[in-house]
Amino acid sequence: MALTQFLYDPFTEFDRLFDEAFTSRFRPDSDESRPTTIRPKMDLVETKDNVVARFELPGMDQGDVNVEVRNDRLTISGEKKIQTDEGRFVVRERSFGRFARNLQLPEGTEPGSVQAHMEKGVLEVSFPKAPPEQETKTIPIEATKPTKSAPPIEHSKK
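The letter at position 81 of the sequence shown is residue 360 when you use my numbering, and the numbering goes up by one with no holes.
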């Protein structure tokens, strides 16, 4: 599953942790109307010919979500809007706000080959796997072969 490793971007997780640390520190808890940044959970599945990314987007319609391909990067973005016409929150555990997730696609992926489908709050995006010439290849390291000793290099003293 070398492709899955290729697609994972550890810096997005670092960015999320960094954003959460600062937004929770400087955002007052009583400000219930201010949207936060949310991060939809994602699964990557590798099939015979494709890679399928599934994003959990509960309570969202397909019109609230954008799927874009630019420079071999897939971007899923949108906003889960808060419902404020019900009154004042007593307990609020659901997340609301903007989100964006990025995945590196195999080089040269045509935007027309990316397909998206959303059903019951799960967005499924599929795209072709990297061709064999782009897959990671392991190069074995050979032991050094003993060579004939070279004569020592003489340095001239001045």
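Glycine residues also receive a C-beta, built at the ideal position from the N, C-alpha and C atoms.
Asked	Found
Check for me: the beta strand (DSSP E) holding ASP328 runs from which residue to which?	Unbroken run through ASP328: none, as it is neither H nor E.
Could you pull the DSSP bridge partners for GLY357 from this structure?	VAL344, PHE378
Can you say whether PRO319 is buried or exposed, counting buried as having 16 or more other CB atoms within 10 angstroms of its CB?	buried
In its own chain, which residues sit with a C-beta less than 8 angstroms from the C-beta of ASP328, not counting the 5 before and 5 after it?	PRO407, LYS408
Among THR388, ILE361, SER405, whose alpha-carbon lies nearest the alpha-carbon of THR326?	SER405
From LEU382, LEU296, GLN362, pick the residue whose C-alpha is nearest to that of ARG349; which is it?	LEU382
For the candidate residues GLY342, THR316, GLY366, ILE317, whose alpha-carbon lies nearest to that of GLU398?	GLY342
Leaving aside the five residues before and after ILE420 along the sequence, list all residues of the same chain whose C-beta is less than 6 angstroms from its C-beta, in chain order.	none
Have a look at LEU296 and THR316 and give me their C-alpha separation to the nearest angstrom.	11 angstroms
Just how far apart, CA to CA, sit THR415 and VAL370?	49 angstroms
Assign ALA422 to buried or exposed, taking buried as 16 or more other Cβ atoms, counted over all protein chains shown, within 10 Å of its Cβ.	exposed
Assuming GLU386 and ASP351 make a contact with CB atoms under 8 angstroms, what is their CB distance in whole Å?	6 angstroms
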